[in-house]
Structure formats: structure tokens, C-alpha cells
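Visitor: For my numbering, add 440 to where a residue sits in the sequence shown, where the first one is 1.
Dumping the structure here so I can ask a few things about it.
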Amino acid sequence: MTEPRRNKTFPASSEATADPPKRVAEAARSGASETASESETEAAGEALGRDLRAGDVVLLYGDLGAGKTAFVRGMARGIGANPADVSSPTFTIVQEYAGPSATLYHVDLYRLEGAEIDDLGLEDLVSGDGIVAIEWAERWTGRPDDVMEVRIKDLGDDRRSIELGTLP
Ligand code: ADP
Ligand code: MG
């Protein structure tokens, strides 16, 4: 990962027709951004969501309370789904939010490990034609490596750093 830039602006959705690796690269070039509230983190997720297309996969990393779910709520808005539906998937491991042109599948692996994760069929999910967002993605040893990653860190108070990139 390159040194994060301290820009506050996420890329506009001008790459709609670019192929997925190009769009991932564009997002990665935007480096890191800081937010100062939950709604700003949602706005960052929304900006990314507007650029996402069927088949895209976003892996989210960050401690409990970092803002992963807030970011996914923005992603849902970005694809035109109802963000009010987005919460931490406590009992259902995978939640679906339908947008006009794609469905967002929201997975939270926080309470799962090992065989429980292997049994979810995530390989099928990420090779399907939905958009997939996975919280605690590090718990899935079989996660693909050619997808987008979002790393959120708590900088104290309501400040968060959000890094977009691709897995090494
Ligand atoms: P996670 O899914 O990573 O466990 P959540 O999105 O569920 O985290 O919760 C993030 C919590 O942090 C919420 O209570 C939210 O109000 C709070 N918060 C404070 N500042 C921010 C910020 N800049 N971005 C996102 N969440 C924030
Ligand atoms: Mg969460």
C-alpha cells in the first residue's frame, strides 16, 4: 500500500464504463481519506457504491466500531437501495439490499470462524452477479485477492481514516 494521501474527496463516478480492475485502480489511487462523522463515512461508502457494478467485491477491515457497517450503509445508498435496511447482520449472516440494477449482499463474519465460514458458500456469492461487501473479511482464508479492500481505522473521537486499495 502506498503512503496515504490526506485528501477528503472520494473519486467521482466517472469511470462507470471502465473495467473492474481499472475502477479498482482508480479508487486505490485516491489513497486514504479521513472522515469526522458517521454520515461522512456513509458518504464515502455512497461514492464507492455509485461506482460499483454487478460482480464487484469489497472486503472491509477494521476493529469493532470502526465504521464498516456505516460505510456499507452508504454503499447501499450508492447503488440505489434503501440504506435504512442496513444494520449489522447479527442473526442473518448475509443480508441483501436490492437496488435498481444490482443487489448488494452484505456479509459480517465477526461471530464466525473456520468451518462455519467455509460452509457459507462465499465462493459462489463472490462469483455471482451481485455486489458483495464482507465485514471482518480477514476471517475468510479463501477470500479472493483481486478485489477491492476498505480499511477503516479509529483515529480518536469521531475521526476515522478510510483507505481504499487492492489486496497485495
Ligand atoms: P463496525 O461495523 O466497524 O463495527 P459501525 O459502523 O457499526 O462499526 O459503528 C460505528 C460507530 O462509530 C457508530 O456508533 C458511529 O456512530 C460511530 N462513529 C463515530 N464517528 C464515526 C465516523 N467518522 N465514521 C463512522 N462511524 C463513526
Ligand atoms: Mg459492522
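Each residue gets a CB set at the ideal place from its N, CA and C atoms; glycine is no exception.
#1: Three or more beta-carbon pairs under 8 Å between the segment 475-490 and the segment 546-565, yes or no?
#2: Distance, Cα to Cα, Asp-598 vs Gly-485?
#3: I'd like the span of the alpha helix (DSSP H) that includes Glu-556, first residue to last.
#4: Kindly indicate which three-state DSSP category Leu-548 falls into: helix, strand or coil?
#5: How do the segment 537-546 and the segment 588-607 stand: do at least 3 beta-carbon pairs fall below 8 Å, yes or no?
#6: Are the beta-carbon atoms of Ala-577 and Val-512 separated by less than 7 Å?
#7: Roughly how many angstroms separate the alpha carbons of Gly-568 and Leu-560, rounded to a whole number?
#8: Measure the alpha-carbon distance for Val-497 versus Ala-542 and round it to whole angstroms.
#9: Does at least one heavy atom of the ligand MG sit under 6 Å from the Cβ of Thr-509?
#10: Quick one, which of Gly-570, Gly-605 and Arg-591 has its alpha-carbon nearest Arg-493's?
#11: From the DSSP output, in three-state form, read off Gly-495 for me.
#12: Nearer than 6 Å: is that true of the beta carbon of Thr-481 relative to any heavy atom of the ligand ADP?
#13: Quick check on Ala-555: buried or exposed, where buried means 16 or more other Cβ atoms within 10 Å of its Cβ?
#14: Looking at Glu-575 and the ligand MG, is the gap between the Cβ and the nearest heavy atom below 6 Å?
#15: When you compare only the Cα positions, how much space is there between Pro-461 and Gly-495?
Guide: Concretely, from the data shown:
#1: no
#2: Position 158 of the sequence shown, counted from the first residue, corresponds to residue 598. Position 45 of the sequence shown, counted from the first residue, corresponds to residue 485. Each residue's Cα considered, the two are about 16 Å apart.
#3: Taking the sequence shown and counting its residues from 1, the one referred to as residue 556 is at position 116. Where Glu-556 is concerned, the enclosing alpha helix (DSSP H) stretches over 554-558.
#4: Counting from 1 along the sequence shown, the entry for residue 548 is found at position 108. Inspection of the sequence shows that residue 548 is occupied by Asp rather than by Leu. Asp-548: strand per DSSP, three-state reduction.
#5: no
#6: Position 137 of the sequence shown holds residue 577. Position 72 of the sequence shown holds residue 512. Contact flag unset, no.
#7: Position 128 of the sequence shown, counted from the first residue, corresponds to residue 568. Position 120 of the sequence shown, counted from the first residue, corresponds to residue 560. Approximately 14 Å between the Cα atoms of the pair.
#8: Walking along the sequence shown from the start, residue 497 turns up at place 57. Walking along the sequence shown from the start, residue 542 turns up at place 102. Answer to the nearest angstrom: the Cα atoms are 12 Å apart.
#9: Here residue 509 corresponds to residue number 69 of the sequence shown, with the count starting at 1. Checking every heavy atom of the ligand MG against the Cβ of Thr-509, one is found closer than 6 Å.
#10: Translated into positions along the sequence shown, residue 493 becomes position 53. Of the listed residues, the one whose Cα sits closest to Arg-493 is Gly-570.
#11: What you label residue 495 is simply residue 55 of the sequence shown in a count that begins at 1. Gly-495: coil per DSSP, three-state reduction.
#12: For the purposes of this step, residue 481 is taken as the residue at position 41 of the sequence shown. Yes, Cβ of Thr-481 sits closer than 6 Å to a heavy atom of the ligand ADP.
#13: In the sequence shown, counting from the first residue as 1, residue 555 sits at position 115. It counts as exposed.
#14: Start at 1 with the first residue of the sequence shown, and residue 575 comes out as number 135. Yes - the ligand MG has a heavy atom lying nearer than 6 Å to the Cβ of Glu-575.
#15: Here residue 461 refers to the residue found at position 21 of the sequence shown. Here residue 495 refers to the residue found at position 55 of the sequence shown. Note that Pro-461 scores 49 on pLDDT, short of 50, meaning its location in the model is unreliable; the coordinates nonetheless yield the value given after this. Using only the alpha carbons, I get a separation of about 12 Å.
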